[in-house]
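Report on one structure; see the data block that follows.
2 protein chains.
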Amino acid sequence: MLTKNQKKIVVSLSQKKFRNQHQLFVVEGKKGVDEFLNSEFELSQLFSTSDEFEVEAEKLVLISEKDLKSISNLTTPNTALALFKIPKGKKVDDSKLILALDDVRDPGNLGTIIRLCDWFGIDHLVCSKETVDCFNPKVVQATMGSLTRVSTHYLDLENFLKSSDLPKFGTFMDGASVYSHILPANGILVMGNEANGISTQIEALIDRKISIPRFGNLQNTESLNVATATAILLSEFSRRTIEM
Amino acid sequence: MLTKNQKKIVVSLSQKKFRNQHQLFVVEGKKGVDEFLNSEFELSQLFSTSDEFEVEAEKLVLISEKDLKSISNLTTPNTALALFKIPKGKKVDDSKLILALDDVRDPGNLGTIIRLCDWFGIDHLVCSKETVDCFNPKVVQATMGSLTRVSTHYLDLENFLKSSDLPKFGTFMDGASVYSHILPANGILVMGNEANGISTQIEALIDRKISIPRFGNLQNTESLNVATATAILLSEFSRRTIEM
Chain U
4 MLTKNQKKIV VSLSQKKFRN QHQLFVVEGK KGVDEFLNSE FELSQLFSTS DEFEVEAEKL
64 VLISEKDLKS ISNLTTPNTA LALFKIPKGK KVDDSKLILA LDDVRDPGNL GTIIRLCDWF
124 GIDHLVCSKE TVDCFNPKVV QATMGSLTRV STHYLDLENF LKSSDLPKFG TFMDGASVYS
184 HILPANGILV MGNEANGIST QIEALIDRKI SIPRFGNLQN TESLNVATAT AILLSEFSRR
244 TIEM
Chain Z
4 MLTKNQKKIV VSLSQKKFRN QHQLFVVEGK KGVDEFLNSE FELSQLFSTS DEFEVEAEKL
64 VLISEKDLKS ISNLTTPNTA LALFKIPKGK KVDDSKLILA LDDVRDPGNL GTIIRLCDWF
124 GIDHLVCSKE TVDCFNPKVV QATMGSLTRV STHYLDLENF LKSSDLPKFG TFMDGASVYS
184 HILPANGILV MGNEANGIST QIEALIDRKI SIPRFGNLQN TESLNVATAT AILLSEFSRR
244 TIEM
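Here you go:
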């Protein structure tokens, strides 16, 4: 049975302030919960309408469908909602390409970017403190479990870039074509905010400005969405590692 | 002033049935409306809270903010909502790469894909009849005006592919790596449904199965989202045209 206090905590976790206070976040749906259970993430509590999950008895709370609905962020039915502990920060490994986000605000974009990191084997994602929280329920849902395989770090991006000797790449409209640019196997690729791109302070720390060439109508085409631009750039960095 | 009948028609256009009946669709916001006004699309009627648009007087209806809000699909404020005529079908030009969609259902994905076509100079997008309507208000909004530059055709995809001599590419998990595959400057690239990929009938018509190599954890990573996969593939086809 779901207690009033449990309900209050779960519902509060849709806000970053309370996620930080409790050091917990929400994962929903059988598939997502299973992926997190089979990962390094530590389960705090599992609310489920069925006993199909193999978890320690004291962490399982069997609840009614009605109760599940009252704490769920989803509109479609599901059988489980789990609280996992926010992991302690790991060290950023700089032996491979690192992706860094300068103020990406849209949960769907961050979710897509984390899935892309997973696909292209990017183990470390560094986010500026203004970037949307990766434990936001919408982001967790959009990552489809990729969050269990990509370490996401919220750091002062300016300090992080200053402290690293790796070559720093950023996308700019007037950058050199990524297709003809020599791309190393390690480095930091910075992607900017949806509306404003990379900020002036961060731009000053970029060593190499690159761009995705535009093949369509040169006057009118809008810029690419940050998630699709990230897809193309990670593909470019990755393909070079097998060409070398 | 907004009449009851005008309001009824505008609101009805969020449904495909009524868009087909009236042969009209909705564009919202100053920037979007301006892009469509400066395109080949024909304005039917413009509802605006200001007279800042240069359109024929009989097509302009000045309305209150309250009335605009009552017919708008947006939650954020804007100054204009326009009805444009659904254009007559053009011939599909097969001298360049054609993108074809087999049952893409999500409006956001279709919007992103139309923006990608615009960026990469793909002039013709062929959609199966089950694919979400490109004049759906969510798609129009997500395209950011790219819909004015990409001709979108709803056809029987099976017949269209059968009738074309162009090489037909499709993405499959077991396809050959797109990075090492020879890609021509013209052809048809087919992308499949979000959940099920390319259907069996369409698969039978594909000449070359390609895939985007996966660099991450081989067991677990989910497939790429159709919009990000399209981004990577259009980038690959385009980069070859400048390598040649």
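Those protein sequences? They're chains U and Z, same order as listed. The numbering of the first sequence is the numbering used here, which starts it at 4 and goes up by one. The numbering of the second sequence is the numbering used here, which starts it at 4 and goes up by one. Yeah, the Cβ is synthetic: ideal placement off N, Cα and C, and Gly gets one too. All values derive from a computational prediction rather than experimental measurement.
**Asked** Cα-Cα, which of Z/V13, Z/D37, Z/K171 is closest to Z/E161?
**Response** Reading the second sequence from its first residue, position 158 is the one you call residue 161 of chain Z. Per the C-alpha coordinates, the member of Z/V13, Z/D37, Z/K171 positioned closest to Z/E161 is Z/K171.
**Item:** Under 9 Å by beta carbon: chain Z residues contacting U/F218
**Value:** What you label residue 218 of chain U is simply residue 215 of the first sequence in a count that begins at 1. What U/F218 touches in chain Z: W122, F123, G124, I125, L237, S241, T244, I245.
**Asked** Helix, strand or coil for Z/I191 per DSSP?
**Response** Start at 1 with the first residue of the second sequence, and residue 191 of chain Z comes out as number 188. DSSP places Z/I191 in strand when its eight states are reduced to three.
**Prompt:** So, Z/S226 versus Z/D177, is the Cβ gap smaller than 8 Å?
**Reply:** On the second sequence, residue 226 of chain Z is found 223 positions in, with the first residue counted as 1. On the second sequence, residue 177 of chain Z is found 174 positions in, with the first residue counted as 1. Cβ distance not < 8 Å, so Z/S226 and Z/D177 don't count as in contact.
**Message:** Can you list, in chain order, the residues of its chain with a C-beta nearer than 6 Å to that of Z/P110? Leave out the 5 residues immediately preceding and following it.
**Reply:** Looking up residue 110 of chain Z in the second sequence gives position 107. Closer than 6 Å at the Cβ level, and outside the excluded window around Z/P110, lie V135, N139, K141, V142.
**Item:** Neighbour-count burial assignment, Z/D168, 16 or more Cβ in a 10 Å radius
**Value:** On the second sequence, position 165 is the one that residue 168 of chain Z refers to. With fewer than 16 other Cβ atoms from the protein chains shown falling within 10 Å of its own Cβ, Z/D168 counts as exposed.
**Request:** Report back the beta-carbon spacing between U/S254 and U/I117 to the nearest angstrom; my notes put them in contact at under 8 Å.
**Result:** No answer is possible for residue 254 of chain U: the residues shown for chain U start at 4 and end at 247.
**Prompt:** Start and end of the alpha helix (DSSP H) containing Z/T115?
**Reply:** Reading the second sequence from its first residue, position 112 is the one you call residue 115 of chain Z. For Z/T115, the enclosing alpha helix (DSSP H) has its first and last residue at 110 to 122.
**Asked** What alpha helix (DSSP H) runs, 4 residues minimum, are completely inside the region 119 to 153 of chain Z?
**Response** As far as the region 119 to 153 of chain Z is concerned, its whole alpha helix (DSSP H) runs of at least 4 residues are 140 to 146.
**Asked** Out of U/L100, U/V129, U/A145, which has the shortest C-alpha to C-alpha gap to U/D106?
**Response** Translated into the one-based positions of the first sequence, residue 106 of chain U becomes position 103. When each option's Cα is compared against that of U/D106, the closest is U/V129.
**Residues bridged to Z/V29 [DSSP beta-bridge criterion]** = Position 26 of the second sequence, counting from 1, holds the residue named residue 29 of chain Z. Z/L86.
**Message:** Is there a Cβ of chain U sitting closer than 8 Å to that of Z/M147, yes or no?
**Reply:** Counting from 1 along the second sequence, the entry for residue 147 of chain Z is found at position 144. Cβ-Cβ to chain U under 8 Å: yes for Z/M147.
**Request:** Using beta-carbon positions only, say whether U/A241 and Z/F218 come within less than 8 Å of one another.
**Result:** The count along the first sequence starts at 1 and reaches residue 241 of chain U at position 238. The count along the second sequence starts at 1 and reaches residue 218 of chain Z at position 215. Here the sequence assigns Ser to residue 241 of chain U, which means Ala is not the residue at that position. Contact flag set, yes.
**Message:** The alpha helix (DSSP H) that contains Z/V13, what's its start and end?
**Reply:** As a position in the second sequence, residue 13 of chain Z is number 10, starting the count at 1. Unbroken alpha helix (DSSP H) run through Z/V13: 7 to 15.
**Request:** Would you mind telling me which residues of chain Z sit closer than 9 Å to U/T79, beta carbon to beta carbon, in chain order?
**Result:** On the first sequence, residue 79 of chain U is found 76 positions in, with the first residue counted as 1. Taking a Cβ-Cβ threshold of 9 Å, none of the residues of chain Z is close to U/T79; the smallest such distance is about 13 Å.
**Request:** Starting from the Cα of Z/E31, find the closest Cα among Z/Q24, Z/L46, Z/F21, Z/K20 and give me that residue.
**Result:** Within the second sequence, residue 31 of chain Z is the residue found at index 28, counting from 1. Among Z/Q24, Z/L46, Z/F21, Z/K20, the Cα nearest to that of Z/E31 belongs to Z/L46.
**Asked** By a C-beta neighbour count over all protein chains shown, 10 Å radius and 16 as the cutoff for buried, is U/D121 buried or exposed?
**Response** In the first sequence, counting from the first residue as 1, residue 121 of chain U sits at position 118. Buried, by the Cβ-count rule.
**Item:** Residues near Z/G124 in its chain [Cβ-Cβ closer than 8 Å; skip 5 each side]
**Value:** Taking the first residue of the second sequence as position 1, residue 124 of chain Z is located at position 121. Shown here for Z/G124: same chain residues with a beta carbon closer than 8 Å to its own, the five before and five after excluded, namely K99, S241 in chain order.
**Request:** Please check if any C-beta of chain U sits within less than 8 Å of the C-beta of Z/L227.
**Result:** In the second sequence, residue 227 of chain Z corresponds to position 224, counting from 1. Output row for Z/L227: interface = yes.
**Request:** Tell whether a beta-carbon distance below 8 Å holds between U/F44 and U/T151.
**Result:** Numbered from its first residue, the first sequence carries residue 44 of chain U at position 41. Numbered from its first residue, the first sequence carries residue 151 of chain U at position 148. Result yes, Cβ atoms of U/F44 and U/T151 sit closer than 8 Å.
**Prompt:** Whose C-alpha, out of Z/S131, Z/S53, Z/L16, is nearest the C-alpha of Z/L113?
**Reply:** Within the second sequence, the letter at position 110 stands for residue 113 of chain Z. Considering only alpha carbons, the answer is Z/S131.
**Request:** Provide the residue span of the alpha helix (DSSP H) that contains U/L164, from first to last.
**Result:** As a working note, residue 164 of chain U is residue 161 in the first sequence. If you look at U/L164, you'll find it in the alpha helix (DSSP H) that goes 160 to 165.
**Request:** Report yes or no: is there a C-beta of chain U within less than 8 Å of the C-beta of Z/L5?
**Result:** Working through the second sequence from its first residue, we reach residue 5 of chain Z at position 2. Answer no: the Cβ-Cβ gap between Z/L5 and chain U never drops below 8 Å.
**Message:** Less than 8 Å between CB atoms is the rule here; does Z/T203 satisfy it with respect to chain U?
**Reply:** Reading the second sequence from its first residue, position 200 is the one you call residue 203 of chain Z. It does not; no Cβ of chain U falls within 8 Å.
**Request:** Tell me where the alpha helix (DSSP H) around Z/L71 begins and ends.
**Result:** Locating residue 71 of chain Z in the second sequence gives position 68, counting from the first residue. Z/L71 -> alpha helix (DSSP H) spans 68 to 74.
**Asked** Considering Z/Q48, what are the terminal residues of the beta strand (DSSP E) in which it resides?
**Response** For the purposes of this step, residue 48 of chain Z is identified with residue 45 of the second sequence, where counting begins at 1. First-last of the beta strand (DSSP E) with Z/Q48: 46 to 51.
**Request:** Would you check if the region 77 to 86 of chain Z and the region 21 to 29 of chain Z touch, i.e. whether three or more CB-CB distances between them fall below 8 Å?
**Result:** Contact annotation: the region 21 to 29 of chain Z touches the region 77 to 86 of chain Z, with at least three C-beta pairs closer than 8 Å.
**Asked** Taking any Cβ of chain U, which residues in the region 94 to 123 of chain Z have a Cβ under 7 Å from it, in chain order?
**Response** For the region 94 to 123 of chain Z, the set of residues with a beta-carbon nearer than 7 Å to any beta-carbon of chain U comprises T115, R118, L119, D121, W122, F123, in chain order.
**Message:** Check for me: the alpha helix (DSSP H) holding U/T203 runs from which residue to which?
**Reply:** In the first sequence, the residue the question calls residue 203 of chain U occupies position 200. That run of the alpha helix (DSSP H) goes 203 to 206.
**Prompt:** Hey, does U/I89 have any beta-carbon neighbour from chain Z nearer than 8 Å?
**Reply:** In the first sequence, the residue the question calls residue 89 of chain U occupies position 86. Not one chain Z Cβ lies under 8 Å of U/I89.
**Item:** Own chain partners of Z/N189 with C-beta closer than 7 Å, once the 5 adjacent residues on each side are dropped
**Value:** Within the second sequence, the letter at position 186 stands for residue 189 of chain Z. Here the set comprises D97, S98, K99, L100, L169.
**Request:** Compare the C-alpha of Z/S53 against each of Z/N41, Z/E38, Z/D70, Z/S42 and name the closest.
**Result:** The sequence position of residue 53 of chain Z within the second sequence is 50, counting from 1. The residue with the shortest Cα to Cα distance from Z/S53 is Z/D70.
**Terminal residues of the beta strand (DSSP E) in which Z/V64 lies** = Position 61 of the second sequence holds residue 64 of chain Z. Secondary structure note for Z/V64: its beta strand (DSSP E) is the uninterrupted segment 63 to 65.
**Message:** Taking its Cβ as the centre, do 16 or more other Cβ atoms sit within 10 Å of U/T203, making it buried, or is it exposed?
**Reply:** By 1-based counting over the first sequence, the position of residue 203 of chain U is 200. Label assigned to U/T203: exposed.
**Prompt:** For the beta strand (DSSP E) that Z/K212 lies in, which residues bound it at each end?
**Reply:** To locate residue 212 of chain Z, count along the second sequence from 1; it is residue 209. That run of the beta strand (DSSP E) goes 211 to 214.
**Request:** Identify which residue in Z/I245, Z/K20, Z/L5 has its Cα closest to the Cα of Z/K72.
**Result:** Reading the second sequence from its first residue, position 69 is the one you call residue 72 of chain Z. By alpha-carbon distance to Z/K72, the top candidate from Z/I245, Z/K20, Z/L5 is Z/L5.
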